[in-house]
Amino acid sequence: MTTEEPEPSAPRPTRQQPAEGAEIGALIGAGFGLLFLIINSTQFSSLGRTVVLVLGIVTFAGIAVFAVRGLMQQRRVAAAEEPQPVRTAERDRRQPPFGRAYWIIVAIEAIALFAGARLLSALGHPELGVAWVAVVVGTHFYALGRVFGLDRFHVLATVVTLCGIGGFIAFFAAAPAFIPVISGVISGFVLLAFAMWALVPR
7 MTTEEPEPSA PRPTRQQPAE GAEIGALIGA GFGLLFLIIN STQFSSLGRT
57 VVLVLGIVTF AGIAVFAVRG LMQQRRVAAA EEPQPVRTAE RDRRQPPFGR
107 AYWIIVAIEA IALFAGARLL SALGHPELGV AWVAVVVGTH FYALGRVFGL
157 DRFHVLATVV TLCGIGGFIA FFAAAPAFIP VISGVISGFV LLAFAMWALV
207 PR
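For what it's worth, the working numbering labels the leading residue of the sequence shown as 7, then goes sequentially.
See below:
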């Protein structure tokens, strides 16, 4: 009489996780989104600015809670499942999500923001500064999408860049009052929305 060999157990499905560095990236993006709202809603009525800021602050707070909780959960899982020597070796081999390429892109972005804002002010059109900021911030996400391998960054880049271009269109259409709305407030909410999306598992 032969005994049947037990069938190998099926591998346990691994739970999907957000992209590496998503929590920190979400906090950075949400912070800039909230800053866009604070700076560019000053011309709104008291009620309008209050509504914009309350929505922005509540959204930012929610993102911060989920991002911090995700970071803490990662640390607990790493401490419970991986032996210390393995965890140390793996950390040494792994490229950090915010490495040299990231900081080079940020440096180029900072130079472009400063130089463009100074040029627009020298030309007598400082109101276009927010539109220029949106264009630079938007286009830099194309490079970040390539560095991080995240196609969703290309979507964010396109939307924010279009908001910046919309500000320039408003200027040439003799509607400068719409520049901070299109390039500032809308861009701010877009950044907050994509910060939430960053926390969604890939």
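Ideal Cβ positions, reconstructed from N, Cα and C, are used throughout, including at glycine. Here the structure is a predicted model, which means the values were calculated and not measured.
The Cβ atoms of V136 and G190 lie closer than 8 Å to each other. If you draw a 10 Å sphere on the C-beta of T56, you find fewer than 16 other C-beta atoms in it, and that means exposed. Runs of the alpha helix (DSSP H) lying entirely within the segment 103 to 165, each at least 4 residues long, are 106 to 128 and 135 to 154 in chain order.
For G190, no alpha helix (DSSP H) segment is defined, and its DSSP state is neither H nor E.
The beta carbon of G31 sits closer than 7 Å to the beta carbons of A204 from its chain, once the five residues preceding and following it are set aside; these are given in chain order. Taking the Cα of I175 as reference, the smallest distance to any Cα among T145, F195, Y148 and E133 is reached at E133. Take the alpha-carbon of G130 and the one of L150: they are about 32 Å apart. With fewer than 16 other Cβ atoms from the protein chains shown falling within 10 Å of its own Cβ, G54 counts as exposed. S52 sits in a helix when the DSSP states are folded into three classes. Judged by pairs of C-beta atoms under 8 Å, the segment 162 to 181 does not touch the segment 41 to 55, as fewer than three such pairs exist. In the DSSP assignment, F42 falls within the alpha helix (DSSP H) that extends over A28 to N46.
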